[in-house]
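Here's the structure, in structure tokens; my notes come after.
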Amino acid sequence: MSKERPYTLSFVAWEAKGFPSADRVIIAASGDTLSRGIPTLRSNAIFGAAGTAVAGALVAGFLAAPSAGAASSVPGGAAEAKGVKIAADRAAKSGVKWQDCPADWGLDKIQCGWVTVPVDYAKPNGRTIKIAVDRTRSTGKPSERQGSLVYNPGGPGGSGLSFPKRVVTGNPLYANIAKAYDFVGFDPRGVGHSAPISCVDPQEFVKAPKADPVPGSEADKRAQRKLAREYADGCAERSGNMLPYMTTANTARDVDVVRAALGDKKLNYLGVSYGTYLGAVYGTLFPNHVRRMIVDSVVNPDRDNIWYQANLEQDIAFEGRFKDWEDWVAKNDSYFHIGDTRAKVQAEWEKLRATAKKQPVGGLVGPAELINYFQGAAYYDRSWVPVAETWKKYRAGDEKALVQAAGPDLTDKAGNITAENGNAVYTAVECADTKWPTSWAKWDRDNTRIHRQAPFMTWANAWMNLPCATWKGPQYTPVEVATHKGLPKTLIVQSDRDAATPYEGAVELHKRFRGSQLITEKGAGSHGVTGLTNPCVNQRVDAYLLTGKLDGGSDVTCAPHATPEVPKATTK
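full-length UniProt numbering applies: residue 1 is where the sequence shown begins, and numbers increase by one.
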């Protein structure tokens, strides 16, 4: 089914082609990127040998919620708890058959393999899928090795397969850790090479320009609501056989099976953005299986926050961080020539937006595409210069620069498959994780109110998540994140002006994970702190992963990392 959709995400930052990175940015966290060119298997090849799916079919009763079983002492259900143990025992025996990664995966000098997991952990002998994993071996002496460090970059919908590149490319931030750990990435269920799901034709998904996400009338709202319903229908039609099982809890169970397949008795984990929520759920379900855990840029794990409220709070945080960027642009007006005060820069933004609404730039870049591109500046400090530079070029008459940066590339079919797949997983997981409001009156009231104080991306975010109001699959109750017996001390890292995951989330998880330490990068807001150069943070991350020590156990406040600088050669 063809479906137009606002080209913006909340925890998933879509392609920003002007941003500096080794690959085009799809999921960006801690400086990580998701490489392009991931083929899709679609529904006719989604299951493993233990079960067969009917291509594109919705079998009667298949979308019923999987049985939860009797409540166990740790949330998740007795049947699922038994099922994950069975799956993990199998994985421990079979291990991972490592080999060079396929050439078209873009993972040179990295080993790849597969881990088989149940689709439904309540039925561990039923259908299975294969989870794609990759690794680089530890670089130190055998006596220095401490196991595997498993990574998730966020999303939901992000691939972690580029994580081992940090070792291959010799990233100095990870040199000490790499001596002790194999770096392990994986595609979560539904993502990339791991039984990918889809909700709409990828070429249709990226077509532009999209409608302006900010409604100018009730008719505009009705049109967007129709698109959201159609998108939810498309998810059910194309991937309905997986929707009941696309939950954070099931992904956490997959992580435990991966741990077992790696031969590790306990998990060492680094999660960024949504990966922090995945880590929090894992730590709740499997406290005795955690060895060391770092969560960076933290999702508020409170049940009441998952996920409707999280997006509203995110809108407010994005507004604040966008203003931080506007202040920086104004400070560097001698180079950018956009405006020498925040108010002037904001006025130029509104002018650009109005111009693109009246006549999309290059026929491709309207308000939706502008929001998608400019939100990169609110996500990551490393995007401050390229976004402002592109804007500067446009104002000087170079429309091509803005079209190339913010517009879609319909010739990049592999990349568009990746983008659509990431969006599908984002929607499927967030819609299944919790029960969403079904009343349009509530959505309209809440987003109208938030838009008044945070106009930058409130409505774009609302339409992004509205399919959850008419979701065809089951919607569950979120895991109650808490400390259970056996959970070791964890390390929480957060900037206090983060837009994607507001600071309150780190504080909340700090309360829930007893004995944890919170490192705050004060006065900073770049999403993904552990991938930035800040010795105050970097040294403590190394110390924790290498020794398990938490700097005396007290919380730490670090000064911010360096603010981006404009090109020095041409600064007046």
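Glycine included, every Cβ here is placed at the ideal spot set by N, Cα and C.
In the DSSP assignment, find the unbroken beta strand (DSSP E) run with residue i in it and report its ends.
i, result
"Lys323", "Note, Lys323: premise wrong, no beta strand (DSSP E); alpha helix (DSSP H) at Tyr308 to Lys331."
"Cys558", "Val556 to Cys558"
"Phe205", "Unbroken run through Phe205 is the alpha helix (DSSP H), Pro202 to Val206; no beta strand (DSSP E)."
"Arg292", "Val290 to Val298"
"Val150", "Gly147 to Asn152"
"Val184", "Tyr181 to Phe186"
What distance in whole Å lies between the Cβ atoms of residue j and residue i, which are believed to be in contact at a cut-off of 8 Å?
i, j, result
"Ser273", "Ala500", "6 Å"
"Asp212", "Gly362", "About 17 Å; that fails the 8 Å criterion."
"Ser495", "Val529", "5 Å"
"Ala405", "Tyr373", "6 Å"
"Asp340", "Asp333", "4 Å"
"residue 575", "Ile306", "Only positions 1 to 572 of the chain appear in this structure, which leaves residue 575 out of reach."
"Glu80", "Arg259", "In fact, because the Cβ distance is near 16 Å, the residues do not count as touching under 8 Å."
"Tyr231", "Val200", "7 Å"
"Ser138", "Lys179", "6 Å"
"Pro301", "Leu532", "Not quite, the Cβ-Cβ distance comes to about 23 Å (not below 8 Å), so this is no contact."
Given this structure, state the Cα-to-Cα distance separating residue i from residue j, to the nearest angstrom.
i, j, result
"Gly190", "Ala432", "13 Å"
"Lys435", "Cys468", "8 Å"
"Thr563", "Ser297", "18 Å"
"Arg238", "Cys536", "47 Å"
"Gly313", "His451", "The displayed chain sequence assigns Glu, not Gly, to residue 313. If you take the alpha carbons of Glu313 and His451, they lie about 11 Å apart."
"Ala317", "Val133", "34 Å"
"Lys485", "Gln453", "43 Å"
"Lys221", "Pro215", "6 Å"
"Gln224", "Trp459", "10 Å"
"residue 576", "Pro560", "Because the chain is modelled from 1 through 572, residue 576 falls outside the range shown and cannot be assessed."
"Gly283", "Ala424", "26 Å"
"Trp471", "Trp463", "14 Å"
"Ala261", "Phe186", "13 Å"
"Gly83", "Asp264", "19 Å"
"Trp443", "Asn416", "30 Å"
"Asn461", "Leu545", "36 Å"
"Asp120", "Phe456", "40 Å"
"Ala49", "Met242", "Its pLDDT being 31, under 50, Ala49 is placed unreliably by the model, and the measurement read from it follows with that caveat. Going from the Cα of Ala49 to the Cα of Met242 covers about 16 Å."
"Ser94", "Lys331", "58 Å"
"Thr116", "Tyr394", "49 Å"
"Leu550", "Asn538", "13 Å"
"residue 573", "Thr547", "The structure shown does not extend to residue 573, since the chain is modelled only from 1 through 572, so no value can be given for it."
"Val167", "Glu348", "42 Å"
"Asp555", "Ala506", "12 Å"
"Val387", "Ile86", "49 Å"
"Ala45", "Gly552", "Note that Ala45 scores a pLDDT of 28, beneath 50, so its modelled location is shaky; the value from the coordinates is reported in the next line. Looking at the two C-alpha atoms, the distance is approximately 51 Å."
"Thr448", "Trp440", "12 Å"
"Pro488", "Ile519", "17 Å"
Would residue i be called buried (16 or more neighbouring beta carbons within 10 Å of its own) or exposed?
i, result
"Tyr7", "Confidence is the limiting factor: at Tyr7 the pLDDT is only 38, short of 50, which leaves the residue's position unreliable, though a coordinate-based value still follows. Buried."
"Glu144", "exposed"
"Glu521", "buried"
"Lys165", "buried"
"Ala88", "buried"
"Gly375", "The question names Gly, but residue 375 in the sequence shown is Gln. Gln375 comes out buried."
"Gln359", "exposed"
"Ser383", "buried"
"Lys400", "exposed"
"Thr438", "exposed"
"Gly154", "buried"
"Thr477", "exposed"
"Phe11", "Residue placement at Phe11 is poorly supported in this model, since its pLDDT is 36, which falls under 50; the coordinates still yield a value, given next. Buried."
"His337", "exposed"
"Thr411", "exposed"
"Asp315", "buried"
"Glu369", "buried"
"Ile27", "Residue placement at Ile27 is flagged as unreliable, the pLDDT there being 31, under the threshold of 50; the coordinate-derived value follows with that caveat. That one is buried."
"Thr427", "buried"
"Arg303", "exposed"
Quick check on the DSSP output: the alpha helix (DSSP H) that includes residue i runs from which residue to which?
i, result
"Thr276", "Tyr274 to Leu285"
"Tyr544", "Pro535 to Thr547"
"Val255", "Thr248 to Ala261"
"Val226", "In the sequence under discussion, the amino acid at residue 226 is Lys, which differs from the Val named in the question. That run of the alpha helix (DSSP H) goes Glu218 to Ser239."
"Thr520", "Element bounds for Thr520: not the alpha helix (DSSP H) but the beta strand (DSSP E), Gln517 to Glu521."
"Arg135", "Element bounds for Arg135: not the alpha helix (DSSP H) but the beta strand (DSSP E), Thr128 to Thr136."
"Gly157", "Segment: none, Gly157 is in no alpha helix (DSSP H) and carries neither H nor E."
"Val168", "Lys165 to Val168"
Could you tell me whether any non-hydrogen atom of the ligand FMN is closer than 7 Å to the CB of residue i?
i, result
"Leu262", "Among the components modelled here there is no ligand, and therefore nothing to report on the ligand FMN."
Start-end ranges of the alpha helix (DSSP H) lying completely within the stretch 354 to 436, minimum 4 residues: Taking only runs of at least 4 residues, the alpha helix (DSSP H) segments lying wholly in the stretch 354 to 436 are 367 to 379, 384 to 395, 399 to 406 and 413 to 433.
Ranges of the alpha helix (DSSP H) found wholly within the stretch 80 to 118, counting only runs of at least 4: DSSP runs (the alpha helix (DSSP H)) wholly in the stretch 80 to 118: none.
Start-end ranges of the beta strand (DSSP E) lying completely within the stretch 435 to 515, minimum 3 residues: Whole beta strand (DSSP E) segments, 3+ residues: 491 to 495.
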